[in-house]
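Protein chains in written order, with my numbering: chain A, 1 to 111; chain B, 1001 to 1814. From the three backbone atoms N, C-alpha and C, an ideal C-beta is built for every residue, glycine too. Everything numeric in this text was worked out from a predicted model, so none of it was measured. Take a look at the structure below.
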Ligand code: SRM
Ligand SMILES: Cc1cc2nc3c(=O)[nH]c(=O)nc-3n(C[C@H](O)[C@H](O)[C@H](O)COP(=O)(O)OP(=O)(O)OC[C@H]3O[C@@H](n4cnc5c(N)ncnc54)[C@H](O)[C@@H]3O)c2cc1C
Ligand code: SF4
Ligand code: FES
């Protein structure tokens, strides 16, 4: 648990956009909002597995591209009438570079 | 048939003709003269047109088809200069026209104060469309200034509209407060304050001395020495009945043309109605009583007994964002009492004037929902003793009823007037909704005319719909485009143009979006509206597009994509087929399918392979088929005269030509075309958004079909003699749809909303308009007709197709 792991520069993700990080056990979607906040969540919609990184980003939420469920990027919770939650992962930005907590990757590798 | 001549194509005569054709069908052969070079339109709506919130096309009340269907000979742009009653003819530039019965409906002329400088160019009235166009032209000059003389209803509507157009506006008003005929000083003050908050200067007690200028107006000088610079001066100080031809003809004229209860003048064969008449010494200046006159006049002509009775009128100011209502008599007097309610923080002011426990006048500012309720009491002389304490709080407080606006509307009596302009009462609306099975506002307007004139009772009509239809009424269909805004699609589109909004943040700021960056519903819509409105200027916002349009392929349920290259008009060749086969092999694409749109779909392509697949397809000359786009999809064709023994024209050739001309265009929803070579219709053209059926004499152009969620055969738009004409009409039709359609509204829904007639008028009848639409389409194609695949093969949006980082073992299939 020593060092955070570097993912890349913030500007590699468009504002109101997302990119994926591939790990042995799945994809993590890293989002950048209009206000330049960065969030990371599991790239898999709990509804039918839609790739959340492909959704439209608005405020600190994303709308799933397959059937329009909306998720809060900070909590991972589905909004409105839909029920469900995606895993969220701790990330931080330092000097324009995005880092992810190291235990996340270890945990994912262990699964 | 008897010859009926009508002088003046205004609001009153338009309504009168409708009633005449109902009351006495086939009885009259009608000739309609109008001094304006156009037919009847809704004059009330000139204010929203001036403000850029509506277009002239939307306020036309009677169009060419209507006149044709009723056999009305129209003589627009022709002023009647005299009436020879002895010989029963009217005189105009076109000669003499005989009549058996004559209707005079010449309205009013704006009053122009005889000031020095009144004839300078740039001094105008606010009465007809030409005035509006002149004002709009000047408003486009940067920094243009307007002085409006007259702070009444008309002057303030003009001032607010010109202000919305970005002009610097000063209102000069002779009296101590604005709209003094409708408002008391307190409400006048609130109104003035609200107008000033918009940046309009209001100068009361202003004595205008002269209009200054050399070749055109430059300024207005007041008696007190103040001078206001002006590029236009709008005189809105009043109107006087237009009675000149009646006076010359020796009819009895006082302030207006004198009519009896049957709307007949001093000559039994001459009838008159509208603002030009005087009945029991009253001259009217609002449409509601004129519509009553229209009914009576039609009955008189149909020889049915009826009598016009003077009516009370209520007034509302049509300025977006300002609510003012006034009715009845609100002057102070000995024998009167008043009840006043003020709420300074929310800018609400209400005042009721009572006499003998009956409401005789009401002035409401800031919150006007109870206006019709008070107005109803005024007209009925309701005794208010029992509700005196809570009267001012409005209907919702009475009888312990909940503070629910729905309940308040539900509680209105059946004969309560809902639409003042058209005199439509509650039961007429609820009854028609039920008997005709109406479910949307536009059709309620069409069938009952309620809220079809000035529109200020729209919210009441909507509540009645909700009450009558219960759960089956879905107000969302006519309401905000999404929860981020109060505005509906139409309003947003109009305001984008009117306020020249050129980016999504600008729209959200100016139109007061409730969220910071919209949602997945509004952003794609706004992006489309901007792309369509400002071609070449607006830079597409990729992040506001749905994934399919962002990566130019269709996402599948497992997160892979499908790729559909164009096959122009369904034609292909061995080279293309070989390239498709090679690409399927090379990228191990699991499924290859012939689509319902006459082309080939490669399904199950991995996202990161997309640029590679496209590069190979591009190399064989193929471009994106846009199977994912709210844009031009397929153009299906049949083999036509090239091969088929029945083919009448080259349907394949026309299909290919259309697709090559129109590909790349973004549209509100997808657009599918088809061209069939004969009426056997093998390309299924009659269920497409636009379809062509070739016939011996040319091309029948069909439109507004659907074969998806709804099934609907097309309707005939028109016949074109040549292929070039067909192409021009189809392109113009598509452009009109691009400019008017709501996002995700397919052509058949758009056509239902705006009416086939308005579409035909623009793309079939009006050649100049067709040409302009066509040219706007061609202009925007310059920027749209770029193959998105090729751009991405060359590196555009590369981030979309690669992971940001990879860790550990390579990931298995996603
Ligand atoms: C591939 C195809 C089915 C096939 O295998 O033949 C197809 C596939 C899809 N159609 Fe379709 N439609 C296809 C022809 C049609 C047709 C037939 C036609 O065009 O002649 C229709 C009925 C005609 C019409 O549009 O009115 C049709 C009516 C729909 C609808 C209903 C649209 C409506 O307004 O009612 C949808 C849903 C939508 O667009 O919202 C739809 C949506 C879809 C989507 C895009 C669903 C989605 O959102 O993912 C499917 C994408 C699959 C993919 O990735 O390719 N598809 N779809 C056809 C592609 C044609 C092409 O070459 O581009
Ligand atoms: C900007 C504006 C906003 C308004 N807002 C409202 C509102 O909110 N509510 C409301 O109730 N009322 C409103 N009014 C008033 C309403 O428009 C009029 O009461 C109504 O139009 C009068 O109808 P009319 O048929 O008598 O006259 P008009 O509609 O003026 O029609 C008369 C027509 O006759 C033509 N004509 C005149 N002389 C001749 C001739 N010799 N030969 C041939 N043609 C001739 C004129 O050119 C004109 O087109 C508004 C008016 C304006 C200008
Ligand atoms: S009909 Fe169209 S939308 Fe429905 S499953 Fe088939 S391809 Fe998909
Ligand atoms: S898979 Fe995300 S909403 Fe259905």
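- At least one C-beta of chain B is nearer than 7 Å to the C-beta of residue 19/A.
- Taking residue 1224/B as reference, the option from 1206/B, 1215/B, 1213/B, 1237/B with the minimal CA-CA separation is 1206/B.
- At the C-beta level, residue 1793/B and residue 1615/B come within 7 Å of one another.
- For residue 1804/B, the nearest beta carbon of chain A is closer than 7 Å to its own beta carbon.
- Of the candidates 1488/B, 1292/B, 1378/B, 1292/B places its Cα closest to the Cα of residue 1273/B.
- When Cβ-Cβ separations below 7 Å define contact, residue 1687/B makes no contact with chain A.
- The shortest CA-to-CA distance from residue 1409/B to any of 1392/B, 1423/B, 1427/B is the one to 1427/B.
- By alpha-carbon distance to residue 1530/B, the top candidate from 1103/B, 1738/B, 1089/B is 1738/B.
- Contiguous alpha helix (DSSP H) elements confined to the segment 1148-1226 of chain B occur at 1153-1164, 1185-1197, taking only those with 4 or more residues.
- Exclusion of the five residues before and after residue 1067/B leaves 1074 as the residues of its chain whose Cβ lies within less than 6 Å of its Cβ.
- Secondary structure within the segment 1357-1391 of chain B: the beta strand (DSSP E) runs of 3 or more consecutive residues, fully enclosed, are 1358-1365 (chain order).
- Cβ-Cβ distances below 6 Å link residue 104/A to 89 in the same chain, with the five nearest sequence neighbours on each side left out; the list follows chain order.
- Using a CB distance cut-off of 7 Å, residue 59/A counts as an interface residue toward chain B.
- For residue 94/A, the enclosing beta strand (DSSP E) starts and ends at 91-94.
- Taking 7 Å as the threshold, the shortest C-beta distance from residue 46/A to chain B does not fall below it.
- Here DSSP, grouped into helix, strand and coil, assigns residue 1124/B to strand.
- Here the alpha carbons of residue 1653/B and residue 1573/B stand approximately 15 Å from one another.
- Within its own chain, the residues whose Cβ lies closer than 6 Å to the Cβ of residue 1361/B, once the five positions on either side in sequence are excluded, are 1328, 1329, 1330, 1353, listed in chain order.
- Burial check for residue 1046/B: the Cβ neighbour count within 10 Å reaches 16 or more, so the residue is buried.
- Sixteen is the threshold: since fewer than 16 other Cβ atoms of the shown chains lie within 10 Å of the Cβ of residue 1472/B, the residue is exposed.
- The beta carbon of residue 1516/B falls within 7 Å of a beta carbon belonging to chain A, placing the residue at that interface.
- DSSP, read as helix, strand or coil, puts residue 1527/B in helix.
- Across the segment 1534-1548 of chain B, CB contacts with chain A closer than 9 Å involve 1541, 1542, 1543, 1544, 1545, 1546, 1547, 1548, in sequence order along the chain.
- A Cβ-Cβ separation of about 15 Å leaves residue 70/A out of contact with residue 44/A under the 8 Å criterion.
- Neighbours of residue 54/A in chain B, taken as residues at a C-beta separation under 7 Å, are given in chain order as 1547, 1555.
- Bridge pairing for residue 1719/B: 1700/B [DSSP].
- Taking the Cβ of residue 73/A as the reference point, every heavy atom of ligand 4 lies at 6 Å or farther away.
- The count of Cβ pairs closer than 8 Å, one atom from the segment 1666-1683 of chain B and one from the segment 1632-1652 of chain B, reaches three, so the stretches are in contact.
- Of the heavy atoms belonging to ligand 4, none sits nearer than 6 Å to the Cβ of residue 1682/B.
- Residues of chain B whose Cβ lies closer than 7 Å to the Cβ of residue 12/A are, in chain order, 1799, 1804.
- DSSP places residue 1685/B in no beta strand (DSSP E); its state is neither H nor E.
- Under DSSP, residue 20/A takes part in a beta bridge, and its partners are 29/A.
- Judged by the Cβ position, residue 1018/B fails to qualify as a neighbour of ligand 2 at the 6 Å threshold, every heavy atom of the ligand being at least this far.
- Partner residues in the beta bridge of residue 1239/B, as assigned by DSSP, are 1110/B.
- Three or more beta-carbon pairs separated by less than 8 Å link the segment 1102-1111 of chain B to the segment 1233-1252 of chain B, which places the two stretches in contact.
- Under the three-state reduction of DSSP output, residue 1607/B falls in the helix class.
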